[in-house]
Amino acid sequence: MTTDDLVLQALRESSLSDELRDAEIDVLAKFIKVHEYKAREIILKPGDAALQDTLLILGSGEVEATATVAGEKVTLHLLKPGDLAGIIGFVGGNAMQISATVIAKTDCKLLMLDRVPFETLLNTNPAIVYYVMRGIVRHVHGIVRRMNMQTAQMNNYIFKQGGRY
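The sequence shown lines up with residues 1037 to 1201 when you count with this note's numbering.
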């Protein structure tokens, strides 16, 4: 599979492009750079400003988002092709707001969309920017729903155990 094919396939699998037509996906693909990571390589970590303004889209391989909670490493999510990372920095947050570490579980390829060049589409193709941002909101909403469900399940478990650990 060529790099161009990988980019187009990952974009089509991503919630970013749910509302984009093929021609708009082709335009968006021109703003994507692909970076390869080796297994166990750290891609993004709390406080790291290196990818501050970059949205990451998993193209191939396995990537894990983790956080340290009460001194223990906890898996937040195992990303599949098309999934997003680096959302906070991309939408204008700062590196200090990043709480997850993103690590390559296997050799992988990540698509990188830098915010500043992407924003130039506001002048030429504002609908693409609008639909991509809607896709990001849908993706974040899905994360929040999943986390709320997991919290409810944990609370139900604790309640059924009578508060015993």
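Virtual Cβ for every residue (Gly too), placed ideally from N, Cα, C.
Start and end residues, beta strand (DSSP E) containing residue i
| i | result |
| --- | --- |
| I1194 | Careful: I1194 lies outside any beta strand (DSSP E), inside the alpha helix (DSSP H) at P1162 to K1196. |
Alpha-carbon to alpha-carbon, residue j and residue i
| i | j | result |
| --- | --- | --- |
| A1146 | I1078 | First, the residue type needs correcting, since residue 1146 is Leu and not Ala in the sequence shown. Each residue's Cα considered, the two are about 12 Å apart. |
| V1043 | Q1197 | 48 Å |
| L1052 | L1149 | 11 Å |
| V1070 | M1185 | 33 Å |
| L1091 | R1181 | 21 Å |
| G1125 | E1155 | 14 Å |
| L1064 | I1164 | 8 Å |
| L1161 | K1109 | Per the sequence shown, the amino acid found at residue 1161 is Asn instead of Leu. So the alpha carbons of these two residues sit roughly 42 Å apart. |
| L1157 | R1174 | 21 Å |
| M1037 | T1104 | 36 Å |
| I1179 | T1142 | 23 Å |
Sheet register partners of residue i (DSSP bridge)
| i | result |
| --- | --- |
| L1115 | V1099 |
| V1138 | L1080 and A1101 |
| A1121 | L1092 |
| E1072 | K1145 |
| V1110 | A1103 |
Burial state of residue i (16 or more Cβ within 10 Å)
| i | result |
| --- | --- |
| D1058 | exposed |
| F1195 | exposed |
| Y1167 | buried |
| V1099 | buried |
| V1138 | buried |
| G1107 | exposed |
| G1097 | buried |
| A1075 | exposed |
| Y1193 | exposed |
Contact test: residue i Cβ vs the ligand MN heavy atom, cutoff 7 Å
| i | result |
| --- | --- |
| I1164 | Judged by which ligands are present, the structure shown has none, so any question about the ligand MN falls away. |
Residue i, enclosing alpha helix (DSSP H) - first and last residue
| i | result |
| --- | --- |
| L1087 | Looking at the DSSP string, L1087 is not in any alpha helix (DSSP H), and its letter there is neither H nor E. |
| V1127 | Where V1127 is concerned, there is no enclosing alpha helix (DSSP H), given that its DSSP letter is neither H nor E. |
| E1055 | Careful: E1055 lies outside any alpha helix (DSSP H) and carries neither H nor E. |
| D1150 | It is not in any alpha helix (DSSP H) - D1150 instead sits in the beta strand (DSSP E) that spans C1144 to D1150. |
| A1046 | T1039 to E1049 |
Supposed contact pair residue j and residue i - C-beta distance, whole angstroms, cut 8 Å
| i | j | result |
| --- | --- | --- |
| L1120 | I1061 | Actually they are not in contact, since the Cβ atoms of L1120 and I1061 sit about 16 Å apart, beyond 8 Å. |
| L1094 | P1117 | 5 Å |
| L1080 | G1122 | 6 Å |
| A1136 | A1101 | 5 Å |
| D1089 | V1176 | 17 Å between Cβ atoms; not a contact. |
CB contact below 8 Å: residue i versus chain B
| i | result |
| --- | --- |
| L1094 | Considering every chain present, this structure includes no chain B. It has just one protein chain. |
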